[in-house]
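Report on one structure; see the data block that follows.
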Amino acid sequence: MPPPSIPDYPAVLASRRAELRAQLAPRLTGVRTLTLEIGCGHGHFLTAYAAAHPDRRCLGLDIANDRIARALRKRDRARLANLDFVHADADDLLSALPEEISLSQVFVLFPDPWPKRRHHKNRLMQPEFLSRLAARCAPNAGLYFRTDYAPYFAEASSVVHEHYDWSLSADTPWPFEHVTVFQARAEAHESLVALRRPGVVSAAG
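Residue numbers (this note's numbering): 2 to 206.
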């Protein structure tokens, strides 16, 4: 449902995504596969990942402008040509991403768990989101989810397990370790790895 305070929400959404599409196009020229971090914060994890994988193009997104500004400063200090950050939410990014680009890895690290029941609808790991994400992923692309909130981990595991486009993979190792700010604060955390099923048409497609 569109926010009630915005009378012409579809037009606002279309304009926002068109602007994001225009921002992304020149920054991703020639890119065919992309490693994505949703909710990158200040960019600690993805900066370390990009430095360790100079052959991979990496993009981080966050909904807070100040976090993106700090992440971009980290990238510039590290002089990483394979890394970029953008101010956007996940749905807008998936819609605005150039059609020729597919996602090979997607990291969702310590997202907001929205612990109150009435707020569970705001959680990222939901069937509709997983369908939209799968539509932009290459076959066997990896989805890497980590949280320190056990009820959210249980719910996310169940949602992924039941989703047509994704397969939980206990045998796939976590691809890269770098302690984030939230991970350093957490007493414990749990990790989920899922692979995009090959040879199927996404429900979003």
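Just so you know, even glycine gets a beta-carbon here, dropped at the ideal spot from N, CA and C.
Checklist entry - In whole angstroms, what is the alpha-carbon distance linking A51 and L98? => result Here the alpha carbon of A51 sits roughly 19 angstroms from the alpha carbon of L98.
Checklist entry - According to the neighbour-count rule (16 or more other Cβ atoms, all chains shown, within 10 Å of its Cβ), is I69 buried or exposed? => result Buried is the call here.
Checklist entry - Quick one, are the C-beta atoms of T181 and F86 less than 8 angstroms apart? => result No.
Item to check | Per-residue burial, I39 [other beta carbons within 10 Å of its own, 16 or more giving buried] | outcome: Under this definition I39 is a buried residue.
Checklist entry - By how many angstroms is the C-alpha of D67 removed from the C-alpha of A187? => result A187 and D67: Cα-Cα distance of roughly 23 angstroms.
Next on the checklist: Looking at the secondary structure, which residues open and close the alpha helix (DSSP H) in which F111 lies?
Outcome noted: Neither: F111 is in no alpha helix (DSSP H) and is coded neither H nor E.
Item to check | Host alpha helix (DSSP H) of R28 (start-end) | outcome: Segment Y10 to R28, the alpha helix (DSSP H) holding R28.
Next on the checklist: Considering only their Cβ atoms, is the gap separating C59 from T36 smaller than 8 angstroms?
Outcome noted: For T36 and C59, yes; Cβs fall inside 8 angstroms.
Next on the checklist: With three or more beta-carbon pairs closer than 8 angstroms as the criterion, would you say the segment 158-175 touches the segment 101-108?
Outcome noted: Contact between the segment 158-175 and the segment 101-108 is absent, with fewer than three C-beta pairs closer than 8 angstroms.
Next on the checklist: For L73, which residues in the same chain have their Cβ closer than 6 angstroms to its Cβ, ignoring the five residues on either side in sequence?
Outcome noted: Within the same chain, and ignoring the five residues on either side of L73 in sequence, the residues whose Cβ sits closer than 6 angstroms to its Cβ are F86.
Checklist entry - Under three-state DSSP, which class holds A139? => result Note: A139 maps to strand in three-state DSSP.
Checklist entry - What is the rounded straight-line gap between the Cα of S168 and the Cα of Q24? => result Those two C-alpha atoms are separated by around 33 angstroms.
Checklist entry - Count the other CB atoms within 10 Å of the CB of R147; is the residue buried (16 or more) or exposed (fewer)? => result It is buried - the Cβ of R147 has at least 16 other Cβ atoms within 10 Å.
Next on the checklist: Rounded to whole angstroms, what is the Cα-Cα separation between D172 and S16?
Outcome noted: Straight through space, the alpha carbons of S16 and D172 are spaced by roughly 42 angstroms.
Item to check | Nearest candidate by alpha-carbon position, reference S96, set L84, N83, R124 and L134 | outcome: The shortest C-alpha separation from S96 is found at L134.
Checklist entry - Hey, quick one: how far does the beta strand (DSSP E) through S192 stretch, first residue to last? => result Element bounds for S192: E191 to R197.
Checklist entry - Roughly how many angstroms separate the alpha carbons of P116 and Y153, rounded to a whole number? => result Answer to the nearest angstrom: the Cα atoms are 8 angstroms apart.
Item to check | Best match in G200, N83 and D77 for proximity to A53 [C-alpha to C-alpha] | outcome: Residue nearest to A53 within the set G200, N83 and D77 is N83 (criterion: CA-CA distance).
Checklist entry - Are there 16 or more other CB atoms within 10 angstroms of the CB of A142, so buried, or fewer, so exposed? => result When all chains shown are included, A142 counts as buried.
Next on the checklist: In whole angstroms, give me the CA-to-CA distance for A26 and E191.
Outcome noted: CA-to-CA, the gap between A26 and E191 works out to about 35 angstroms.
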